[in-house]
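Notes follow once the structure below has been shown.
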Amino acid sequence: MQKQHIVARADTIQDVRRLADDFCQHHYQNVLIVLDLDLTLVKPIHPAVSFASLEKYRETFEDLIKDFSNEQTDELFNIALGGAPIMGMEPETLETFHYFSAAGANLLGLTASLSGRLFYHERFETFRLQQCAALGFQFPHICSSPDFSLDLPPFRGNKPVYYHGIIFANGVRHATTKGDVLTFFLEKEGMTPEKIIFVDDIKENVDSVSERLSQKYAALPHLSLEYTRCQADPYISSEKDFENYWRHYAALIEPVAKKN
């Protein structure tokens, strides 16, 4: 008998596809595949946001945000990660996305991206949706309404939202986890997939989704994958370029939001 609840590691997008094929036995009808966006499907073109750069220049970055609140830090990551030009995470990422779609799976985005107004974006969701669609990552409409909020605790005055195939969890630096958001969404929409596959680059998100699905849907088989490709990304910026990049986006916050 197949194990019902699996947490595993996938180092490449080919690993994601192989593990998903094994889990579903190549039968994707009524399977819900939930995909993170940043550093899973897409990544910023600028190397200052790579895992290697952030690790190498950790002290520089921590000094830059030392006076920022959690809200301000979330805003900085959102505009620097999702607000900058992006590309596919791997050359085969888009092909794998379309492979799952063509096989009959229901695809759902689940990103920590903030909802609502963010700097010069009236609705950050609209910008992120258009940004991903321009690269070919177009999520299907799997709900009766294309745009609605989820009645979960607000952050920055906004709640998580479902927007045209993508759930915007509205930050992760507060009490609401991706596991909370996904299970609330499934309950609200009355969705009953036969299996769920979740893919994210952050281990805490993978664990929270697996734990909440196990608690709320004990009989539902699910595969939660920690996708680690970003940790092996060889791109690294110079220290000067790194500092200039992050200071550019931090300056958007400082005039109105930085603490005295």
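Numbering (our numbering), first residue to last: 835 to 1094.
Glycine included, C-beta positions come from ideal geometry on N, C-alpha and C.
(request) Starting from R843, follow its DSSP beta bridges and name the residues at the other end. (result) Here residue 843 corresponds to residue number 9 of the sequence shown, with the count starting at 1. Paired residues: E1060.
(message) Would you call the region 877 to 893 in contact with the region 910 to 928, where contact means no fewer than 3 C-beta pairs closer than 8 Å?
(response) yes
(request) Please confirm whether T1062 and R843 have their CB atoms less than 8 Å apart. (result) Indexing the sequence shown from 1 puts residue 1062 at position 228. Indexing the sequence shown from 1 puts residue 843 at position 9. Contact: yes.
(message) Here's a check: name, in chain order, each residue in its chain whose Cβ is nearer than 6 Å to the Cβ of F1032, leaving out the five neighbours to either side.
(response) Start at 1 with the first residue of the sequence shown, and residue 1032 comes out as number 198. Excluding sequence neighbours, F1032 sits near V868, V1043, S1058.
(request) Going by CA-CA distance only, name the one from P988, F971, I840, Y1051 that's closest to L871. (result) Locating residue 871 in the sequence shown gives position 37, counting from the first residue. Answer by Cα proximity: F971.
(message) If you measure between the beta carbons of E1028 and N864, is that distance less than 8 Å?
(response) In the sequence shown, residue 1028 corresponds to position 194, counting from 1. In the sequence shown, residue 864 corresponds to position 30, counting from 1. Going by C-beta atoms, E1028 is nearer than 8 Å to N864.
(request) Please list the segments of the beta strand (DSSP E) lying wholly inside the region 926 to 988, counting only runs of 3 or more residues, in order along the chain. (result) 940 to 945, 981 to 983
(request) Could you round the C-beta distance between L994 and S949 to whole angstroms and report it? I think they count as a contact, below 8 Å. (result) The count along the sequence shown starts at 1 and reaches residue 994 at position 160. The count along the sequence shown starts at 1 and reaches residue 949 at position 115. Residue identity check: residue 994 is Pro in the sequence provided, not Leu. Confirmed, about 6 Å.
(request) Can you tell me which of the three DSSP states L869 falls into? (result) As a first step, residue 869 is located in the sequence shown; it is residue number 35 there, counting from the start. Looking at L869 - three-state DSSP - the assignment turns out to be strand.
(message) Please report the straight-line C-alpha distance between Y954 and Q838, rounded to a whole angstrom.
(response) Within the sequence shown, numbered from 1, the residue matching residue 954 stands at position 120. Within the sequence shown, numbered from 1, the residue matching residue 838 stands at position 4. Distance from the CA atom of Y954 to the CA atom of Q838, rounded to whole angstroms, is 45 Å.
(message) Please classify V1090 as buried or exposed, where buried requires at least 16 other C-beta atoms within 10 Å of its C-beta.
(response) Along the sequence shown, one-based indexing puts residue 1090 at 256. Summary for V1090: the model assigns pLDDT 46, below 50, so the residue's position carries little reliability; its value from the coordinates is reported in the next sentence. With fewer than 16 Cβ atoms within 10 Å of its Cβ, V1090 is classed as exposed.
(request) Throw me the rounded Cβ distance for the P974 and L1016 pair, which I believe falls under 8 Å. (result) For this step, residue 974 is matched to residue 140 along the sequence shown. For this step, residue 1016 is matched to residue 182 along the sequence shown. About 17 Å separates the two Cβ atoms, so there is no contact after all.
(message) Just to check my reading of the structure: Y997 and E959 have Cβ atoms closer than 8 Å, yes? What is that Cβ distance to the nearest angstrom?
(response) Mapped onto the sequence shown, residue 997 falls at position 163. Mapped onto the sequence shown, residue 959 falls at position 125. Between Y997 and E959, the beta carbon gap of about 4 Å places them in contact (Cβ cut-off 8 Å).
(message) Less than 8 Å between the C-beta atoms of A886 and I1070, yes or no?
(response) By 1-based counting over the sequence shown, the position of residue 886 is 52. By 1-based counting over the sequence shown, the position of residue 1070 is 236. Cβ distance < 8 Å, so A886 and I1070 count as in contact.
(message) On a Cα-Cα basis, can you pick out the residue from T1026, L963, G1005, A968 that is closest to G999?
(response) For this step, residue 999 is matched to residue 165 along the sequence shown. Minimum Cα distance to G999 is reached at L963.
(request) Return yes when the Cβ of S884 is within less than 8 Å of the Cβ of D1067, no when it is not. (result) Reading the sequence shown from its first residue, position 233 is the one you call residue 1067. Reading the sequence shown from its first residue, position 50 is the one you call residue 884. Against a cut-off of 8 Å, the Cβ pair of S884 and D1067 comes out as a contact.
(message) Residues in the same chain with beta-carbon distance under 8 Å from H860, minus the five sequence neighbours each way, listed in chain order, please.
(response) Translated into positions along the sequence shown, residue 860 becomes position 26. So the list reads A937, once near-sequence residues are dropped.
(message) Which residue marks the beginning of the alpha helix (DSSP H) containing K993, and which one marks its end?
(response) The count along the sequence shown starts at 1 and reaches residue 993 at position 159. K993 -> no alpha helix (DSSP H), and no H or E assigned at all.
(request) Run the CB neighbour count on H1082, radius 10 Å, all protein chains shown included, and call it buried at 16 or more, exposed below. (result) If you number the sequence shown from 1, residue 1082 lands on position 248. By the neighbour-count rule (16 or more Cβ atoms within 10 Å), H1082 is not buried but exposed.
(request) Tell whether a beta-carbon distance below 8 Å holds between A946 and A1003. (result) The sequence position of residue 946 within the sequence shown is 112, counting from 1. The sequence position of residue 1003 within the sequence shown is 169, counting from 1. Yes, the pair counts as a contact, with Cβ atoms nearer than the cut-off.
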